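Undergrad:
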Amino acid sequence: MDTVDHISKHFPMPSFRKNQKETIDKIEEAITSDYKVISLQAPTGSGKSAINFSVCGFVEKSYYTTPLHILLDQVVRDKFLLNLFKIVRGRDWYICLEKCSDCIRYEHCNEKNTGVARNCEHTCDIGPCQLQKEYKCGKSCFYKQARDDAIESQTALMSLAYNFTVKVTKGMWQKRDMLIIDEAHGVEKWILNFITLSRVFQDIKHADAPTTFDESLNLINKEVDIAASEVADLEEQQKSLGGLRPQDLKKYKRLVRFIDIVHVVTHDLESGKQWVHNVTKLPDNKVRVELKPLDISVWGKGLLLGKANRFLFSSGYIPRNMYSRIGFTEDEVAWIDVPSTFPVENRPIIGSMVGYISHKTMDTLRPRIIEVVNKILDKEKDIRGFIHCNSYKLANDILGNLTPENKPRISYNTSENRSYALENWLNNGKSNSVFVGVNMSEGIDLKDDLSRFQIIIKAPFPDMSDSYVKARMGLSDGKPWYDEQALMAILQAYGRCVRSESDWARTYILDWNIMRLINTYKNELPYWFVEAFKAAKSETFREGGINVKTMPQTTYVEL
Ligand code: SF4
400 MDTVDHISKH FPMPSFRKNQ KETIDKIEEA ITSDYKVISL QAPTGSGKSA
450 INFSVCGFVE KSYYTTPLHI LLDQVVRDKF LLNLFKIVRG RDWYICLEKC
500 SDCIRYEHCN EKNTGVARNC EHTCDIGPCQ LQKEYKCGKS CFYKQARDDA
550 IESQTALMSL AYNFTVKVTK GMWQKRDMLI IDEAHGVEKW ILNFITLSRV
600 FQDIKHADAP TTFDESLNLI NKEVDIAASE VADLEEQQKS LGGLRPQDLK
650 KYKRLVRFID IVHVVTHDLE SGKQWVHNVT KLPDNKVRVE LKPLDISVWG
700 KGLLLGKANR FLFSSGYIPR NMYSRIGFTE DEVAWIDVPS TFPVENRPII
750 GSMVGYISHK TMDTLRPRII EVVNKILDKE KDIRGFIHCN SYKLANDILG
800 NLTPENKPRI SYNTSENRSY ALENWLNNGK SNSVFVGVNM SEGIDLKDDL
850 SRFQIIIKAP FPDMSDSYVK ARMGLSDGKP WYDEQALMAI LQAYGRCVRS
900 ESDWARTYIL DWNIMRLINT YKNELPYWFV EAFKAAKSET FREGGINVKT
950 MPQTTYVEL
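For the sequence shown, this note's numbering begins at 400 and goes up steadily by one.
1. Go to Asp405, then tell me how far its beta strand (DSSP E) extends in each direction, as first and last residue.
2. So, at 8 angstroms on beta carbons, what are the nonlocal neighbours of Ala904 in its own chain, with the 5 sequence-adjacent residues on each side left out?
3. State the Cα-Cα distance for the pair Ile786 and Tyr463, rounded to the nearest angstrom.
4. Taking DSSP's pairing of strands, which residues face Glu729 in a bridge?
5. Assign Gly754 to one of three DSSP states: helix, strand, or coil.
6. Quick check: what's the CA-CA separation for Ile450 versus Asn922?
7. Is the separation between the beta-carbon of Ile550 and that of Val454 shorter than 8 angstroms?
8. Using DSSP bridges, identify the partner residues of Met577.
9. Hey, could you find the ends of the alpha helix (DSSP H) Cys528 is sitting in?
10. Tell me whether the beta-carbon of Thr522 lies closer than 8 angstroms to the beta-carbon of Tyr493.
11. My understanding is that Ser979 touches Phe712, with C-beta atoms under 8 angstroms, so please give their C-beta distance in whole angstroms.
12. Runs of 4 residues minimum, wholly inside the stretch 582-634: which ones carry the alpha helix (DSSP H) assignment?
13. Pick out the complete alpha helix (DSSP H) segments inside the stretch 814-896, 4 residues or longer, and give them in chain order.
14. Residues with a Cβ closer than 5 angstroms to any heavy atom of the ligand SF4, in chain order?
15. Following the continuous alpha helix (DSSP H) through Gly514, name the residue where it begins and the one where it ends.
16. Just the Cα atoms here: how many angstroms apart are Asp548 and Lys485?
17. Between which residues of its own chain and Lys878 is the CB-CB distance below 8 angstroms, once the five residues before and five after are set aside?
18. In whole angstroms, what is the alpha-carbon distance linking Asn838 and Leu793?
19. Does the stretch 699-707 come close enough to the stretch 859-871 that 3 or more CB-CB pairs lie under 8 angstroms?
20. Quick one: what's got a C-beta closer than 8 angstroms to Asn720's C-beta in the same chain, skipping five residues either side?
21. Can you look up Pro344 in the DSSP assignment and give me helix, strand or coil?
22. Between the stretch 589-605 and the stretch 470-483, do three or more beta carbon pairs fall short of 8 angstroms?
23. Give the straight-line distance between the Cα atoms of Arg416 and Asp736, rounded to the nearest whole angstrom.
24. I think Pro527 touches Tyr716, with their Cβ atoms under 8 angstroms apart; what is that distance to the nearest whole Å?
25. Short of 6 angstroms in beta carbon distance, which residues of its chain neighbour Ala626, apart from the five on each side in sequence? Order them along the chain.
26. How many angstroms separate the CA atom of Thr595 from the CA atom of Ile603?
27. Would you kindly work out how many angstroms separate the C-alpha atoms of Ser814 and Lys806, rounded to a whole number?
28. Around the C-beta of Gln419, are 16 or more other C-beta atoms found within 10 angstroms, so that it is buried, or is it exposed?
29. Using DSSP with H/G/I as helix, E/B as strand and the rest coil, what is Ser414?
30. Among Lys700, Lys759 and Gly754, which one has its Cα closest to the Cα of Ile590?
31. Less than 8 angstroms between the beta carbons of Ala931 and Ile775, yes or no?
32. Give me the Cα-Cα distance between Asp524 and Leu764, rounded to the nearest whole angstrom.
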């Protein structure tokens with residue numbers, strides 16, 4: 400009998416799926432070889448959560464994180480994983496019992512027993528203990544209980560943003576053996592969001608909005624003085640009244656964080672680091688000013704390194720260059736690639752192509768985009784589908800120009816009703832309905848008949864009108880960074896519709912830029928995606944008899 404502990408002995412499911420045991424053995428090999436980072440590229444259906452939780456069982460203590468709460472919910476709902484972790488979320492997720500008995504809904508409220516505040520405004524982030532210094536709470540606090548349980552647990556489950564706020568201090572959170580980040584492809588974006596300084600200024604005429612970094616910084620610095628005096632006033636109120644009103648407490652926390660980040664920016668600038676500004680003109684004479692650091696490697700290190708000895712990043716596709724951009728060196732990373740078990744013929748990519756779609760060519764190509772979308776909808780007239788757009792303008796162009804036969808099939812989201820519109824379509828959409836979604840390539844599950852085809856209209860490159868993107872492009876690794884942002888979103892979108900081995904769906908791609916990207920990065924992309932692209936070529940041959948490589952810009956595949 401093997402008495403040595405192995406990761407596979409901690410596998411939480413009744414049996415292994417194809418490739419899971421081999422993947423787990425490779426992770427163990429990487430740990431034994433003392434790699435600091437394990438990069439696990441594993442497609443939909445590979446059972447990443449079960450693999451990751453096997454690692455959690457093997458090491459003494461770990462943090463298990465994902466960027467989205469919706470993904471934490473999926474873990475919480477899994478009966479095989481349920482007892483393997485303790486979850487903690489931000490204070491605003493928990494009901495403050497000290498306040499909720501004053502609520503008019505108290506008698507009939509179901510949430511007060513669960514502690515989870517979905518519809519409640521009496522949350523722990525504005526509980527009396529936060530409002531008043533030295534407040535003695537007589538209740539058993541749901542937030543503190545969840546946090547303390549997580550601190551004690553072998554595996555603490557939390558959002559990535561919560562993990563960024565974890566401070567390793569004696570008697571509280573400790574440095575753990577492993578930090579797992581699932582759906583890690585967006586980790587750069589999350590680090591950047593966490594440290595971005597963002598401020599909306601009222602009553603600024605758009606003509607007076609800052610145009611240079613120094614002007615933005617001056618505006619922010621003036622605001623710091625105002626913020627500092629508001630903080631002092633609120634602290635005075637706190638002392639004299641014994642506490643703050645909830646809205647004042649929220650304001651206080653916001654101002655303190657703002658001042659802290661300004662100090663960080665000042666320190667960074669003094670030590671020669673480069674920050675970039677971005678200015679957005681909003682309605683009603685408002686202007687949003689954002690400051691972002693150009694190089695986030697030092698921040699990646701700062702937010703992650705002190706938390707664990709080793710890191711496991713898992714996702715369908717993680718760009719090779721990402722690790723150096725967040726502060727790790729190439730020789731610290733072990734790469735593990737898991738093949739897909741989904742038959743390639745169930746998930747073809749079909750190049751129903753239009754041309755190189757860009758800001759410059761959009762006006763010329765718009766009629767052709769609409770024509771091809773209509774043709775695809777005609778062809779797929781009896782099944783449900785999803786159209787991925789990366790701007791509301793493009794979505795509206797399409798919506799406004801569909802044929803009378805196709806128009807009634809469409810549901811779509813606006814910026815205000817994203818979750819509701821999608822949820823409504825998922826639950827109530829007819830058997831041939833089609834959803835037009837803007838920037839919805841992540842976190843949605845369109846399994847089986849929910850969506851049997853999808854259209855990716857345009858390569859979702861970062862917006863070149865954003866000053867951060869422009870400055871980032873100017874760095875020596877700017878071009879691969881730019882391309883990889885689009886590739887991550889494309890692979891995420893591709894993975895939405897085929898969710899199991901028996902599932903099937905067709906993915907139509909209209910933008911030749913996507914084909915160019917796949918050709919350029921084919922040796923770095925996961926093989927399960929590239930092979931679907933190869934299937935795309937043969938599908939294209941069948942559809943239009945045109946070779947992608949020799950296709951002149953004016954030739955189209957006729958559907
Ligand atoms: S400890 Fe604070 S947040 Fe928790 S129940 Fe008591 S007053 Fe509310």
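C-beta atoms are modelled at their ideal positions from N, C-alpha and C, and glycine is treated no differently. Note that the coordinates shown come from a computational prediction; the quantities given were computed from them, not determined experimentally.
TA: Inspection of the coordinates gives the following:
1. In the sequence as presented, Asp is not what sits at residue 405; that position holds His. Per DSSP, His405 belongs to no beta strand (DSSP E) and is neither H nor E.
2. Asn745, Arg746, Leu845, Ser850, Arg851, Phe852, Gln853, Cys896 and Val897
3. 33 angstroms
4. Answer is none; Glu729 lacks a bridge partner.
5. strand
6. 25 angstroms
7. no
8. Ser461 and Arg709
9. Pro527 to Leu530
10. yes
11. Given that the chain is displayed from residue 400 to residue 958, the structure contains no residue 979 and the question cannot be resolved.
12. 586-594
13. 817-827, 866-872 and 877-893
14. Cys495, Leu496, Glu497, Cys523, Gly526, Pro527, Cys528, Cys536, Lys538 and Cys540
15. No alpha helix (DSSP H) holds Gly514; DSSP gives it neither H nor E.
16. 6 angstroms
17. Met872
18. 11 angstroms
19. no
20. Asp876, Pro879, Trp880 and Glu883
21. Within the shown structure, residues of the chain are numbered from 400 to 958, placing residue 344 beyond reach of any answer.
22. no
23. 16 angstroms
24. At roughly 47 angstroms, the Cβ-Cβ gap does not stay under 8 angstroms, so Pro527 and Tyr716 are not in contact.
25. Leu654, Phe657 and Ile658
26. 21 angstroms
27. 20 angstroms
28. buried
29. coil
30. Lys700
31. no
32. 50 angstroms
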